[in-house]
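See below for the structure under consideration.
Numbering (the working numbering), first residue to last: 27 to 89.
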């Protein structure tokens with residue numbers, strides 16, 4: 027992204043979509059995502075901002 031505000035806007039959009047989201051993946055039951063870490067950084071070498079989001083996926087086996 028070109029600026030910190032744009033980076034945070036993108037990160038907020040992704041967080042809103044994925045944090046707490048539940049998915050069914052094959053026969054494994056339900057998988058729920060939870061945000062564990064978020065950080066925005068400026069890369070001086072490339073002159074761009076990077077957004078880092080780390081999600082944990084918890085899978086509940088089907089009964």
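C-beta atoms are modelled at their ideal positions from N, C-alpha and C, and glycine is treated no differently.
Quantities reported herein were computed from a predicted structural model and do not represent experimental measurements.
Rounded straight-line distance, which links the Cα of residue j to that of residue i
i: residue 81; j: residue 74; result: 23 Å
i: residue 13; j: residue 45; result: The chain is shown from 27 up to 89; residue 13 falls before or after that span and cannot be answered.
Contact belief for residue i with residue j at Cβ below 8 Å, rounded distance in angstroms
i: residue 28; j: residue 55; result: Not quite, the Cβ-Cβ distance comes to about 41 Å (not below 8 Å), so this is no contact.
i: residue 84; j: residue 60; result: 7 Å
Residue interval of the alpha helix (DSSP H) (run including residue i)
i: residue 73; result: Element bounds for residue 73: n/a, residue is neither H nor E.
i: residue 31; result: 30-44
Residue interval of the beta strand (DSSP E) (run including residue i)
i: residue 53; result: First-last for residue 53: undefined, no H or E at that position.
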